[in-house]
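Here the structure is laid out as structure tokens; the discussion comes afterwards.
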Amino acid sequence: MAGIGFSLKRLFSKKGFFSLCRAYGYAGIICAGPMILGVILLAGIAMVSRLAGMEQHDRELMNCMLTYSLLASLTVTSWFNMATTRYVSDMLYEEKTEKIMPSFYGCCSIMLVAGGIAYGIFLHFSGVAFKYKAVCLWFALILIVVWMEMVYLTALKDYKAIVLAFCVSLMFGFSWHWYW
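See the structure below:
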């Protein structure tokens with residue numbers, strides 16, 4: 007999110023109804039992007055699982071476990087978002103780009119260990135089968151990395167490309183089901 011305020015300010019400074027709608031659209035997508043992607047993911051998985059013939063109980067269990075995995079990953083990454091965006095913005099301003107990727111690896115390492123332990127403890131007491139625990143922990147850890155990637159990618163300030171890439175990846179993921 008480094009530098010996003012300046013880009014949004016430019017969008018809001020343009021006159022006209024459609025320019026204003028575009029600016030509010032970008033602001034909404036950027037602020038609520040992870041939540042929107044999570045909802046699309048859950049709705050898509052529910053649709054695919056229903057079409058695949060999954061039983062109602064299994065679909066509800068899967069939906070709950072995926073929701074908790076999304077919540078856990080967003081909670082863990084929120085601990086670092088503010089400091090990370092400030093750091094990335096400062097390194098870009100000071101033209102010390104060689105320090106950005108090590109900070110990404112460091113943040114991800116810390117969050118994967120802390121989030122894995124915390125969510126692992128939660129899953130241990132959840133009362134579901136081990137295979138569900140393993141898949142949910144794996145999903146949450148992947149999402150931790152994805153959310154942090156989003157933070158770092160926004161420093162590039164190519165918001166259209168970022169949104170497009172995530173939309174394409176969701177479509178690819180859902181179409182992959184039909185291929186197999």
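The sequence shown begins at 7 in this note's numbering and counts up by one.
Every residue gets a Cβ at the ideal spot worked out from N, C-alpha and C, and that includes glycine.
Same chain, Cβ closer than 8 Å to residue i, five either side skipped, listed in chain order
| i | result |
| --- | --- |
| S109 | T90, Y93, V94 and M97 |
| G39 | M156, V169 and F172 |
| A52 | R65 and N69 |
| L67 | V134 and Y138 |
Proximity test, residue i beta-carbon vs the ligand SAM heavy atom, cut-off 7 Å
| i | result |
| --- | --- |
| S75 | Ligands in the displayed structure: none, and consequently the ligand SAM is not present. |
Segment limits, alpha helix (DSSP H) that includes residue i
| i | result |
| --- | --- |
| F131 | Looking at the DSSP string, F131 is not in any alpha helix (DSSP H), and its letter there is neither H nor E. |
| A140 | F136 to L159 |
| T103 | From DSSP, T103 is part of no alpha helix (DSSP H); its letter is neither H nor E. |
Short Cβ contact (8 Å threshold) for residue i with residue j
| i | j | result |
| --- | --- | --- |
| A135 | V82 | no |
| M117 | I148 | no |
| L47 | L129 | no |
| F180 | V54 | yes |
| Y125 | A78 | yes |
Beta-carbon proximity list for residue i, same chain, < 7 Å, skipping 5 on both sides
| i | result |
| --- | --- |
| S115 | none |
| C113 | F86, T90 and M154 |
| F172 | L43 |
| G122 | L143 and L147 |
| T103 | M97 |
Neighbour-count burial assignment, residue i, 16 or more Cβ in a 10 Å radius
| i | result |
| --- | --- |
| T160 | buried |
| G44 | buried |
| C142 | buried |
| A146 | buried |
| L76 | buried |
| L6 | The structure shown does not extend to residue 6, since the chain is modelled only from 7 to 186, so the question has no answer here. |
| L26 | exposed |
| C71 | According to the sequence as given, residue 71 is Met; it is not Cys. Per the 10 Å Cβ criterion, buried. |
| A8 | Reliability fails at A8, whose pLDDT of 45 lies under 50, so the model's placement of it is uncertain and no value is given. |
| Y158 | buried |
Contact set for residue i: own chain, Cβ-Cβ below 6 Å, skip 5 residues either direction
| i | result |
| --- | --- |
| G50 | F180 |
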